[in-house]
Amino acid sequence: MPPEKLEIFKSLENWASESVLPLLKPVEQCWQPQNFLPDPSLKFDEFTDQVKALRDRTKDLPDEYFVVLVGDMVTEDALPTYQSMINGLDGVGDEIGSSPSPWAVWTRAWTAEENRHGDLLRSYLYLSGRVDMEKIEKTVQYLIGAGM
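Residue numbering for the sequence shown follows the numbering used here, beginning at 290 and increasing consecutively.
If you want it as structure tokens, here you go:
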């Protein structure tokens with residue numbers, strides 16, 4: 290990165306610490322994918338009733354809806370690649386994986402946030418029975434394996 294651009298990121302570190310990092314919620318205050326999915330801790334019949342209810346709600350949704358959800362899930366599943374790319378950027382990177390830089394702290398928190406979205410989408414799509422999960426999983430493996 291050219292020195293003048295690097296200086297811009299460095300000059301914004303205090304602003305990021307004061308204005309961006311306070312927006313991050315503690316994990317205990319965040320929703321989790323399980324909050325929106327059938328509860329596997331229930332008795333078998335209750336759990337399967339919840340899965341059946343989810344499938345009933347999704348059976349008449351248009352295929353295009355699932356195309357969008359799959360595209361989003363595949364994007365979310367590539368998070369390791371995005372984080373690796375960001376970690377390599379001068380001035381905002383996190384070469385050691387635990388840098389106290391506000392940019393690095395935000396990147397790790399952003400990745401954790403987005404990971405929850407992907408987990409929810411994956412579980413929802415799987416339980417809906419409306420998509421070919423094996424093809425999706427292969428797509429994700431190809432995507433990440435190709436560097437994106």
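Virtual Cβ for every residue (Gly too), placed ideally from N, Cα, C. Note that this is a predicted model, so its numbers are computed, not measured.
Per-residue DSSP class, three states only, for Ser330: coil
Does the beta-carbon of Gly508 have 16 or more other beta-carbons within 10 angstroms, so that it is buried, or is it exposed? The structure shown does not extend to residue 508, since the chain is modelled only from 290 to 437, so the question has no answer here.
Applying the 10 Å Cβ sphere with the 16-neighbour rule, what's the burial state of Gly501? No answer is possible for residue 501: it lies beyond the span of the chain, which begins at 290 and ends at 437.
DSSP on Gln321, reduced to helix/strand/coil? coil
To the nearest angstrom, report how far apart Pro292 and Pro391 are at their CA atoms. 19 Å
Is it true that the CB of Met290 sits closer than 8 Å to the CB of Gly377? no
Length of the line joining the Cα atoms of Lys348 and Ala342: 10 Å
Less than 7 Å between C-beta atoms, sequence neighbours within five positions excluded: which residues of the same chain meet that for Thr370? Within the same chain, Thr370 has close Cβ partners Ile433, Gly436 and Met437.
Give the single residue among Pro389, Asp361 and Asn404 whose Cα lies nearest to the Cα of Gln372. Answer by Cα proximity: Asn404.
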